[in-house]
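K.L.:
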Amino acid sequence: QLLVAVVLSAQATDKSVNQATQTLFRAAGPPAKMVALGIDGVKQHIRRIGLFNTKAGNVVKLSTQLLERHRGRVPRGRAALEALPGVGRKTANVVLNTAFGEPTMAVDTHIFRVANRTGLAPGKTPRQVEDGLLAATPEPYLRDAHHLLILHGRYCCVARKPHCPDCPVANLCAWPEKTERTD
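Residue numbers for the sequence shown follow the numbering used here, so the first one is 20 and each next one is one higher.
(1) Taking the continuous alpha helix (DSSP H) assigned at R66, which residues delimit it?
(2) Using 8 Å as the threshold, is the segment 116-135 in touch with the segment 171-178, meaning 3 or more CB pairs across them?
(3) On the CB-based measure, 16 or more other CB atoms within 10 Å of its CB, does P94 come out buried or exposed?
(4) Would you mind working out which of A189, E121, A193 and P141 sits nearest P159, comparing C-alpha positions?
(5) On a Cα-Cα basis, can you pick out the residue from T144, R88, A24 and A125 that is closest to V61?
(6) Note down, in chain order, each residue of its chain lying with its Cβ closer than 6 Å to the Cβ of D202, except the 5 sequence neighbours on either side.
(7) Report yes or no: do the segment 29-44 and the segment 53-69 share at least 3 C-beta pairs separated by less than 8 Å?
(8) Kindly list the residues whose CB is nearer than 6 Å to the CB of T198, restricted to its own chain and excluding five residues on each side of it in sequence; keep chain order.
(9) List the endpoints of the continuous alpha helix (DSSP H) containing V113.
(10) Using a Cβ-Cβ cutoff of less than 8 Å, which residues in the same chain neighbour A154 once the five nearest sequence positions on both sides are dropped?
(11) For L21, I'd like the list of residues in its chain whose CB is within less than 7 Å of its CB, leaving aside the five on either flank, ordered along the chain.
(12) Is L168 close to chain B? Criterion is C-beta to C-beta, closer than 8 Å.
(13) Which one of C186, G48, V26 and D127 has the shortest CA to CA distance from P104?
(14) Please look up how many angstroms separate the CB atoms of P145 and K109, rounded, as I've assumed it's under 8 Å.
(15) For N112, is the classification buried or exposed, using 16 other Cβ atoms within 10 angstroms of its Cβ as the cut-off for buried?
(16) In whole angstroms, what separates the C-alpha of C176 from that of R90?
(17) For E121, which three-state DSSP category applies?
(18) Helix, strand or coil: how does DSSP classify Q41 here?
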């Protein structure tokens with residue numbers, strides 16, 4: 020279910036994905052039931068999510084491949100994950116980190132912004148930021164770092180009008196035009 024939820028989350032809000040997966044997983048949780056539900060059946064549950072036509076096809080195809088190539092189980096290897104329809108590096112990183120405890124860094128829009136603004140791991144591409152964050156983050160923190168950075172980007176270092184005066188790491192931030200405190 021985690022894999023399907025992450026595939027559905029691309030260019031969608033958490034709220035819409037949570038609503039859609041609630042009904043989808045009641046109707047068809049395991050891969051065999053997802054395949055039996057079919058593309059049109061999946062579409063009925065995920066219509067509120069952007070790109071739902073493509074995503075419904077990917078969900079059914081990846082479920083089919085899980086059954087045919089992986090005995091219905093989510094593979095633990097990056098290459099096998101990324102070979103599944105609708106699964107790219109970011110999705111693979113989320114699954115490897117969350118489901119299997121691998122020290123990966125899934126770079127979403129929030130992490131990309133935080134890494135570049137703060138100077139923690141500047142980069143022009145998500146892969147550059149990922150590599151920089153993996154190098155800069157001490158091993159004991161790697162498992163949780165991407166969750167913490169997402170939360171920081173969602174609630175403090177927001178895209179417009181970041182809350183710099185309330186930021187717990189403002190004194191370490193490399194974005195001086197936004198970190199001047201008035202205290």
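Even glycine gets a Cβ: it sits at the ideal position worked out from N, Cα and C.
This structure is a prediction, so every number in the text was calculated from the model and none was measured.
P.N.:
By the coordinates alone:
(1) R66 -> no alpha helix (DSSP H), and no H or E assigned at all.
(2) yes
(3) buried
(4) E121
(5) A24
(6) With a pLDDT of 45 at D202, under the threshold of 50, the predicted position of this residue should be treated as unreliable, though the coordinate-derived value follows. Counting only Cβ-Cβ distances below 6 Å, and skipping sequence neighbours, we find nothing.
(7) yes
(8) Confidence at T198 is low in this model, with a pLDDT of 48, below 50, so the placement of that residue is unreliable and no value is reported for it.
(9) R108 to T117
(10) A140
(11) V114, T117 and A118
(12) In the structure shown, chain B does not exist; there is a single protein chain.
(13) V26
(14) 7 Å
(15) buried
(16) 42 Å
(17) coil
(18) helix
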